[in-house]
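To keep things clear, I will list the structure first and then write my remarks on it.
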Amino acid sequence: MSGPNGMLYGGDEIGALVFDPGHHSLRVGYAQEDTPKADIPAVIGVGPATHIPDAEEKVPDGNVTQSATKKDELRYYIDVTELHVPRPNMEVQTYMKDGQIDNWDLFEKMLDYCYSKVIRSPSEHHPALFTEAVWTTRPAREKLAELLFEKYQAPAFFLVKNAVLAAFANGKSTALVVDAGASQTSAIPVIDGYALTSAAARSPLGGDHLASQAKLLLANMHIHMLPLYSIQSKEVIRERERARYTPRVLPAGLTSSWQQYMLKRQYEDFVHTVAQVSEMVYDERTAASVPGVHYEFPGGYHQDFGPERFKLTECLFEQTLGAPHLGMC
29 MSGPNGMLYG GDEIGALVFD PGHHSLRVGY AQEDTPKADI PAVIGVGPAT
79 HIPDAEEKVP DGNVTQSATK KDELRYYIDV TELHVPRPNM EVQTYMKDGQ
129 IDNWDLFEKM LDYCYSKVIR SPSEHHPALF TEAVWTTRPA REKLAELLFE
179 KYQAPAFFLV KNAVLAAFAN GKSTALVVDA GASQTSAIPV IDGYALTSAA
229 ARSPLGGDHL ASQAKLLLAN MHIHMLPLYS IQSKEVIRER ERARYTPRVL
279 PAGLTSSWQQ YMLKRQYEDF VHTVAQVSEM VYDERTAASV PGVHYEFPGG
329 YHQDFGPERF KLTECLFEQT LGAPHLGMC
């Protein structure tokens, strides 16, 4: 797509940017590179400003998006270095819902951060490519195009289905793309580079559901998961011994949304480290023959996990999950 200047972009060395927003994180980087420059959590900390500057007062800008003015009196904390710091009255909010951008004000703060702190280059110098889900609505596309052209003055803008890019990345123009994300899993047929929206299907089971299953598994095993921020120090103990740690003194006024987010990150780390998908139909005796995985919890407690790590992922292959549970795109 061409911008207001009427120029068309088809080359490789034009400094184009790729934005890949998801429910768990946003990936951003240059089109010519193999990996993103940043993988930023898709949540933003929103808290009261400790100091409200005057309109003409200049304020420093770190990883904190300084939109604290006398008008809104809010400060936005983006990326792990700022988001993971315990702050009184800081709520954690996401700009994504059902695989689409839902809170445009928060998403603007994220784009501001991407251009100023990740790319470190004016937005008007870079064409932008955004990925989107196949069920993205037309008003959402129009809103994104309006934002990129009017606020960020992008010279060119293009939207592409993430399933199509996944197929192309594997050297296929025709494929059935199964995408297991944080909030849902989708199956999208791609024919000659075109995603068949009418034939796509999705399920509400994804990475977030695995984290919930991990929480249930550990509760049944009477293992208490502590958030990393709550531990000041811990002692070295033998396997399966009771944890011995010193709790950290935390500031008052920590919000439940922030505490739940940080605890969820611990369950996600457990899933990433321990969980494994069985190569065949789950059988407990076969799973027991596979070597276990050792995991140490933030409080110092540690043990091996065996067949239960295969059982954790079986919910994604539940055969009783019929058509009434699936949402057509």
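In this text, residue positions in the sequence shown follow my numbering: the first is 29, and each later residue adds one. C-beta: ideal position from N, C-alpha, C; glycine also.
Assigned with DSSP and collapsed to three states, P167 falls in helix. For A173, the CB contacts under 7 Å within the same chain, skipping 5 residues up- and downstream, are F185 in chain order. For L187, the enclosing beta strand (DSSP E) stretches over residues 185-189. Counting only residues of its own chain and dropping the five nearest sequence neighbours on each side, T202 has a CB closer than 7 Å to the CB of V218, I219, D220.
Sorting Y310, P326, S226 by C-alpha distance to the C-alpha of E342 places Y310 at the top.
Between the beta-carbon of G328 and that of E263 there is about 6 Å, and that keeps the pair under the 8 Å contact cut. Looking at the backbone, the Cα of I147 and that of A168 are separated by about 24 Å. According to the DSSP assignment, A66 belongs to the beta strand (DSSP E) that extends over 66-69.
Boundaries of the beta strand (DSSP E) around T213: 213-219. Short of 7 Å from the beta carbon of Q241, and not among the five residues preceding or following it, lie these beta carbons of its own chain, in chain order: L340, C343.
DSSP places E324 in the strand class (E or B) of the three-state scheme. Our two residues, G73 and R313, have alpha carbons roughly 46 Å apart in a direct line. Just so you know, the alpha carbons of E101 and T165 end up roughly 32 Å apart.
The shortest CA-to-CA distance from V71 to any of A195, A315, R115, F135 is the one to F135. With a beta-carbon spacing of about 7 Å, L238 and A303 fall inside the 8 Å limit used to define contacts. The DSSP-derived three-state label of D311 is coil. The beta carbon of A195 sits closer than 8 Å to those of S201, T202, A203, V205, V218, G221, all from its chain and outside the five residues before and after it, given in chain order.
According to the DSSP assignment, L246 belongs to the alpha helix (DSSP H) that extends over 235-248. If you compare the alpha carbons of A197, E307, P150 with that of D62, the shortest gap goes to A197.
Within the same chain, Cβ atoms closer than 6 Å to the Cβ of A315 are found at P335, F338, the five residues on either side in sequence being excluded. Here V120 is not near Y257, since their CB atoms are 8 Å or more apart. For Y295, no beta strand (DSSP E) segment is defined; the enclosing uninterrupted segment is the alpha helix (DSSP H) at 284-302.
Counting every other CB atom within 10 Å of its CB across the protein chains shown gives G281 a total below 16, marking it as exposed. Per DSSP, the beta bridge partners of V74 are Y104, E119. DSSP, read as helix, strand or coil, puts S149 in coil.
Boundaries of the alpha helix (DSSP H) around L139: 132-141. In this structure, Y104 sits near K137, with a CB-CB distance shorter than 8 Å.
Using a 10 angstroms sphere on the CB of S284, the tally of other CB atoms stays under 16, which defines it as exposed. R337: member of the alpha helix (DSSP H) spanning 336-339, first to last residue.
For V56, the secondary structure class from DSSP, reduced to helix, strand or coil, is strand.
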